[in-house]
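J.:
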Amino acid sequence: MERYYKSVVDVGKKLLGLVALALDLEENFFERLGAFNDQAAVVRLLRYSGELNSSKEEEPCGASAHSDFGMLTLLATDGVPGLQVLAFISHNLLIKKYEFLHCSNKWLHTKKALKTYEDFCVNNQCFVVNIGDLMERWTNGLFRDVGKKLLGLVALALDLEENFFERLGAFNDQAAVVRLLRYSGELNSSKEEEPCGASAHSDFGMLTLLATDGVPGLQVCRDKDKEPNVWEDCFVVNIGDLMERWTNGLFRSTMHRVLSVGEERYSVAVFLDPDPNCVVECLESCCSQTYPPRYYLNFDCWG
Ligand SMILES: O=C(O)CCC(=O)C(=O)O
Ligand SMILES: [Fe+2]
1 MERYYKSVVD VGKKLLGLVA LALDLEENFF ERLGAFNDQA AVVRLLRYSG
51 ELNSSKEEEP CGASAHSDFG MLTLLATDGV PGLQVLAFIS HNLLIKKYEF
101 LHCSNKWLHT KKALKTYEDF CVNNQCFVVN IGDLMERWTN GLFRDVGKKL
151 LGLVALALDL EENFFERLGA FNDQAAVVRL LRYSGELNSS KEEEPCGASA
201 HSDFGMLTLL ATDGVPGLQV CRDKDKEPNV WEDCFVVNIG DLMERWTNGL
251 FRSTMHRVLS VGEERYSVAV FLDPDPNCVV ECLESCCSQT YPPRYYLNFD
301 CWG
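Residue numbers for the sequence shown follow UniProt numbering, so the first one is 1 and each next one is one higher.
As structure tokens, then:
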């Protein structure tokens, strides 16, 4: 138990170092601030009996909805599902998501932002890292500012006013979702498969800001990278699917994946999604007779 405690605290410190770098602070910022001085990592061992509620109205609940108080929480489970994460899903995101999954969803007709609990896919190869309330206060404001600045530049590049996305309401109730990632670095046993940390995908939202610890692994499809690439001392900024929709395909969302290179790897991804109620339609300045709108909000096709 002591060994487990020590290695979890080390992982936590490494992740907080990355959070600091992602915030444009020195890696040891939180250490210098004294956050680890007399720090106690509290380990809670949990057992859920699995008993179902007798009342049909109530959802059977092991632990009711909450956020954790501190900086970060690292969660390891036995692989039995149950953990859910509250997701704010916009109508546009939902369309995109179900397009991707090739299936229909009744909520597609509501045109409203939804707050839903999504099952968290538990995988015994990973920790789930929850951002605590203190860290959220620190990060959310900062990432909103960086994101706003970048989106101002995107607007200027599209021949729009710098505050275009702000005026559209994209930042009204915007949440920057921070995902702290650790890749174990284990290589696949099968020779046919490429050793994969995260399979090829594009991100859903407007922009993603990505900071890594310098271990290679991230590949971007359009560059046709032969070797896993490293970007140092910078954020990698990925364009998301909603930005592709907004710009009528002028800004393509970035297809990317993470290969396993036999070395442990950490990264911090900040997903900038628009306000869940913001309508994402092809911008006029990106459409012409030659390039008519490629994306419509066509609800009928979802039956
Ligand atoms: O870890 C990385 O470099 C990429 C992570 C990523 O693409 C994602 O979480 O969507
Ligand atoms: Fe991604």
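Just so it is clear, CB atoms sit at the ideal spot from N, CA and C, and this is done for glycine as well.
Could you check whether the Cβ of R252 sits closer than 7 Å to any heavy atom belonging to ligand 1?
T.: Position 252 of the sequence shown, counting from 1, holds the residue named residue 252. No, the Cβ of R252 stays beyond 7 Å of every heavy atom of ligand 1.
J.: Beta carbon of L283, beta carbon of G240: below 8 Å?
T.: Counting from 1 along the sequence shown, the entry for residue 283 is found at position 283. Counting from 1 along the sequence shown, the entry for residue 240 is found at position 240. Cβ atoms of L283 and G240: not closer than 8 Å.
J.: Alpha helix (DSSP H) containing A20: first to last residue?
T.: For this step, residue 20 is matched to residue 20 along the sequence shown. First-last of the alpha helix (DSSP H) with A20: E2 to A22.
J.: Please classify L134: does DSSP put it in a helix, a strand, or coil?
T.: Taking the sequence shown and counting its residues from 1, the one referred to as residue 134 is at position 134. Note: L134 maps to helix in three-state DSSP.
J.: Let me know the secondary structure DSSP gives L150 once reduced to three states.
T.: Here residue 150 is taken as the residue at index 150 of the sequence shown, counted from 1. Helix at L150.
J.: With DSSP run on the structure shown, which of helix, strand or coil describes F271?
T.: Walking along the sequence shown from the start, residue 271 turns up at place 271. DSSP places F271 in strand when its eight states are reduced to three.
J.: Run through DSSP, which three-state label would E288 get?
T.: In the sequence shown, the residue the question calls residue 288 occupies position 288. Here residue 288 turns out to be Ser, not Glu, going by the sequence shown. In this structure, S288 counts as coil in the three-state DSSP scheme.
J.: May I have the straight-line CA-CA distance separating D68 from V8, to the nearest angstrom?
T.: Position 68 of the sequence shown holds residue 68. Position 8 of the sequence shown holds residue 8. Distance between the alpha carbons of D68 and V8: 17 Å.
J.: Just mark T212 as buried or exposed, buried being the case when its beta carbon has 16 or more other beta carbons within 10 Å.
T.: Position 212 of the sequence shown, counting from 1, holds the residue named residue 212. Its Cβ being crowded by 16 or more others within 10 Å, T212 is buried.
J.: Considering only their Cβ atoms, is the gap separating Y295 from R245 smaller than 8 Å?
T.: In the sequence shown, the residue the question calls residue 245 occupies position 245. In the sequence shown, the residue the question calls residue 295 occupies position 295. Cβ distance < 8 Å, so R245 and Y295 count as in contact.
J.: Any heavy atom of ligand 1 inside 7 Å of the beta-carbon of A269?
T.: As a first step, residue 269 must be located in the sequence shown, where it is residue number 269. Checking the Cβ of A269 against ligand 1 gives yes.
J.: For a test of the three-state rule: what should DSSP assign to C282, helix, strand or coil?
T.: The residue given as residue 282 occupies position 282 in the sequence shown. Coil, per DSSP.
J.: Verify whether the separation of the beta carbon atoms of V154 and L209 is less than 8 Å.
T.: Counting from one through the sequence shown, the residue named residue 154 turns up at place 154. Counting from one through the sequence shown, the residue named residue 209 turns up at place 209. Not a contact, by the Cβ cut-off of 8 Å.
J.: Counting C-beta neighbours from all protein chains within 10 Å, is the total for M243 16 or more, i.e. buried, or is it exposed?
T.: Sequence index remark: in the sequence shown, residue 243 carries index 243 (1-based). Burial call: buried.
J.: Starting from the Cα of Q84, find the closest Cα among P216, R257, C61 and G70 and give me that residue.
T.: Counting from one through the sequence shown, the residue named residue 84 turns up at place 84. Out of P216, R257, C61 and G70, C61 has the C-alpha closest to the C-alpha of Q84.
J.: In angstroms with no decimal places, state the Cα-to-Cα distance between A113 and N172.
T.: On the sequence shown, residue 113 is found 113 positions in, with the first residue counted as 1. On the sequence shown, residue 172 is found 172 positions in, with the first residue counted as 1. Note on A113: pLDDT 47, under 50, position unreliable in the model; no value is reported.
J.: Between which two residues does the alpha helix (DSSP H) harbouring G32 extend?
T.: The residue you call residue 32 lines up with position 32 of the sequence shown. One detail in the question is off: residue 32 reads as Arg in this sequence, not Gly. First-last of the alpha helix (DSSP H) with R32: F29 to R32.
J.: Does the beta-carbon of T208, which I'm using as the reference point, lie nearer than 7 Å to any heavy atom of ligand 3?
T.: Only ligand 1 and ligand 2 can be found as ligands here, which leaves ligand 3 out of the picture.
J.: In this structure, does DSSP put A157 in helix, strand or coil?
T.: As a working mapping, residue 157 is identified with position 157 in the sequence shown. A157 falls in the helix class under three-state DSSP.
J.: Which residue from A170, S64, L218 and M71 puts its Cα closest to that of M135?
T.: On the sequence shown, position 135 is the one that residue 135 refers to. The candidate whose alpha carbon is nearest that of M135 is M71.
J.: In the DSSP assignment, find the unbroken alpha helix (DSSP H) run with R245 in it and report its ends.
T.: Translated into positions along the sequence shown, residue 245 becomes position 245. That run of the alpha helix (DSSP H) goes D241 to W246.
J.: What are the boundary residues of the beta strand (DSSP E) that includes R257?
T.: Here residue 257 corresponds to residue number 257 of the sequence shown, with the count starting at 1. Residues H256 to L259.
J.: Taking just the CA atoms, how far does G214 sit from W231?
T.: Here residue 231 is taken as the residue at index 231 of the sequence shown, counted from 1. Here residue 214 is taken as the residue at index 214 of the sequence shown, counted from 1. Answer to the nearest angstrom: the Cα atoms are 7 Å apart.
J.: Our contact map puts P274 next to A157 with C-beta atoms below 8 Å; I'd like the distance itself, whole angstroms only.
T.: Within the sequence shown, numbered from 1, the residue matching residue 274 stands at position 274. Within the sequence shown, numbered from 1, the residue matching residue 157 stands at position 157. Between A157 and P274 the Cβ distance is about 18 Å, and since that is not below 8 Å, they are no contact.
J.: Look at the alpha carbon of R3 and the alpha carbon of R47, and state the distance between them as a whole number of angstroms.
T.: Here the question's residue 3 lines up with position 3 in the sequence shown. Here the question's residue 47 lines up with position 47 in the sequence shown. Cα-Cα distance, rounded: 21 Å.
J.: Going by other Cβ atoms of all chains shown within 10 Å of its Cβ, with 16 needed for buried, is P81 buried or exposed?
T.: Locating residue 81 in the sequence shown gives position 81, where the first residue counts as 1. When all chains shown are included, P81 counts as exposed.
J.: Would A200 pass as a contact of R265 if the rule is Cβ separation under 8 Å?
T.: Locating residue 200 in the sequence shown gives position 200, counting from the first residue. Locating residue 265 in the sequence shown gives position 265, counting from the first residue. No, they are not a contact pair.
J.: For N248, count neighbouring C-beta atoms within 10 Å of its own C-beta (all shown protein chains included) and say buried if the count is 16 or more, exposed if not.
T.: One-based indexing of the sequence shown puts residue 248 at position 248. So N248 counts as buried.
J.: Tell me where the alpha helix (DSSP H) around E166 begins and ends.
T.: Here residue 166 corresponds to residue number 166 of the sequence shown, with the count starting at 1. Looking at the DSSP string, the run of the alpha helix (DSSP H) that includes E166 is F164 to R167.
J.: Assign V178 to one of two classes, buried (16 or more other C-beta atoms within 10 Å of its C-beta) or exposed (fewer than that).
T.: Your numbering for residue 178 matches position 178 in the sequence shown. It is buried - the Cβ of V178 has at least 16 other Cβ atoms within 10 Å.
J.: Could you tell me which of V270, V261 and Y183 sits nearest to V19, measuring between CA atoms?
T.: Working through the sequence shown from its first residue, we reach residue 19 at position 19. Minimum Cα distance to V19 is reached at V270.
J.: Could you tell me the distance, in whole angstroms, from the CA atom of F30 to the CA atom of Q39?
T.: As a working mapping, residue 30 is identified with position 30 in the sequence shown. As a working mapping, residue 39 is identified with position 39 in the sequence shown. Distance between the alpha carbons of F30 and Q39 is about 11 Å.
J.: Are the Cβ atoms of G205 and S260 separated by less than 8 Å?
T.: One-based indexing of the sequence shown puts residue 205 at position 205. One-based indexing of the sequence shown puts residue 260 at position 260. No. Outside cutoff.
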